[in-house]
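Written out below as C-alpha cells is the structure these notes cover.
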Amino acid sequence: MSEIGSIYSIYLHKPYSVNNQKTNYADYQRCNINFGAKQEPKSDISAKKIAGYALGLGAIAAGIILLKKWNPKPVKELAQHIDFVKADNIESAIKFAQENFGVKLRVNGQLKTANWINESLVNLSNKTKGKVLLPKEIKICKLSDNLHGKYNPFTRTVKLAENYFGKAFERDFEKVKDMGLLSERLITLYHEIGHGLHLTTSNILNEVLGTSRYKKIISGCRDDLTQYLGGKYFTRCEGEAYAQIFAKKMAEGKLPDSVEKVWQKIGGKY
Ligand SMILES: [Zn+2]
Numbered sequence: 000m001s002e003i004g005s006i007y008s009i010y011l012h013k014p015y016s017v018n019n020q021k022t023n024y025a026d027y028q029r030c031n032i033n034f035g036a037k038q039e040p041k042s043d044i045s046a047k048k049i050a051g052y053a054l055g056l057g058a059i060a061a062g063i064i065l066l067k068k069w070n071p072k073p074v075k076e077l078a079q080h081i082d083f084v085k086a087d088n089i090e091s092a093i094k095f096a097q098e099n100f101g102v103k104l105r106v107n108g109q110l111k112t113a114n115w116i117n118e119s120l121v122n123l124s125n126k127t128k129g130k131v132l133l134p135k136e137i138k139i140c141k142l143s144d145n146l147h148g149k150y151n152p153f154t155r156t157v158k159l160a161e162n163y164f165g166k167a168f169e170r171d172f173e174k175v176k177d178m179g180l181l182s183e184r185l186i187t188l189y190h191e192i193g194h195g196l197h198l199t200t201s202n203i204l205n206e207v208l209g210t211s212r213y214k215k216i217i218s219g220c221r222d223d224l225t226q227y228l229g230g231k232y233f234t235r236c237e238g239e240a241y242a243q244i245f246a247k248k249m250a251e252g253k254l255p256d257s258v259e260k261v262w263q264k265i266g267g268k269y
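Residue numbering for the sequence shown follows numbering that gives the first Met the number 0, beginning at 0 and increasing consecutively.
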C-alpha cells in the first residue's frame with residue numbers, strides 16, 4: 000500500500016474515502032509546508048482565496064513531482080556487510096537501527112518486534128551489499144482496518160499496522176514464528192520499503208496508475224503474476240507490482256522466470 004494514491008486523488012480533486020480522510024489531510028498539510036504555501040486564513044473570503052492559491056501551488060508541485068523520478072539520498076551509507084546483534088533492551092535496539100541504518104524505530108517499546116525488524120533490515124542490507132535505500136522511519140501506528148502497512152514518500156516513513164504488528168504480535172511473537180506466519184509480516188515490511196525504491200526508478204504516475212506501458216509489460220503473464228504475488232491488488236499498477244516483487248525476491252530468493260522478466264522491465268534493482 001502506498002500513500003501516494005490518496006495524495007494523488009486530492010490533487011485531482013477526487014472525493015476520497017472517509018476512512019483515510021485524517022491521514023490524507025495531514026499529508027496534504029505536509030505538502031503545503033514543503034511547498035511553502037501554508038498560511039493562516041484571516042477570514043472566510045481570504046481563506047477561500049488562500050485555499051485557491053494553495054491548490055494552484057499544489058497542482059504545480061504535483062505536476063512536477065508526477066513526472067519526476069525521486070532520488071533521495073540514503074539517510075546513511077550502509078556497510079556492505081552488517082552483523083545482527085540481538086538487543087536485550089529497547090534502547091539498544093533503537094540505537095542499533097539508528098547507528099547501522101539511520102532508521103528511527105518507533106515500536107511502542109516492543110523489544111521482540113524491534114529485534115525482528117533490525118534482523119530483517121540486516122538481511123535486506125546484506126543481500127543488496129548495502130545498496131538498498133531504507134526509509135527514514137519505521138513506526139507502528141493505527142491504520143485503517145484492512146491495511147497491514149503503508150508508505151509515505153514525503154516523510155519516507157514505513158507505517159506498520161498496530162493490529163498486525165502491535166502489542167498482540169509482541170506478546171505472541173514465538174507463536175507467530177512457530178506457526179510460520181513471520182514470513183507474511185516480512186513481506187509486508189519489505190513491500191513498504193519497496194515502494195520507496197520504486198520511486199527512485201520511476202515516477203508517481205507509474206506508482207499509482209495501471210499505465211498502458213505497464214499493462215503491456217504484464218499482458219502475457221497477468222494471471223501467473225497475480226497468483227504469485229498473492230492477489231489482484233498487487234498487479235493493478237506498477238508501484239504495487241514493484242513493491243510486492245521486491246518483497247518476494249528479498250524474502251524468498253529467486254523469482255520465477257516470467258516474474259523476473261517483469262521485474263527487469265519495470266526497473267527492478269538487485
Ligand atoms: Zn503497496
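Positions of the beta carbon are idealized from the N, C-alpha and C atoms, including for glycine.
VAL261 is positioned such that its CB atom lies closer than 8 Å to that of LEU224. Fewer than three Cβ pairs drawn from the stretch 138-145 and the stretch 198-209 lie within less than 8 Å of each other, which leaves the two stretches out of contact. Between ARG221 and THR234, the C-beta spacing is below 8 Å.
No residue range can be given for VAL74, since it is assigned to no alpha helix (DSSP H) and is classified by DSSP as neither H nor E. By the neighbour-count criterion, in which 16 or more other beta carbons inside 10 Å mark a residue as buried, ASN205 falls on the buried side.
In the DSSP secondary-structure assignment, GLY148 is bridged to LEU159.
Counting of Cβ neighbours within 10 angstroms places ASN70 among the exposed residues, the total staying below 16. Distance from the Cα of LEU77 is smallest, within the candidate group TYR241, SER91, VAL131, for VAL131. Comparing alpha-carbon positions, the option among ALA246, SER1, GLN109, VAL157 lying closest to THR127 turns out to be ALA246. Taking the C-beta atoms as reference points, GLU169 is found nearer than 8 Å to LYS111.
Apart from sequence neighbours up to five positions away, no residue of its chain approaches GLY219 with a beta-carbon distance below 6 Å.
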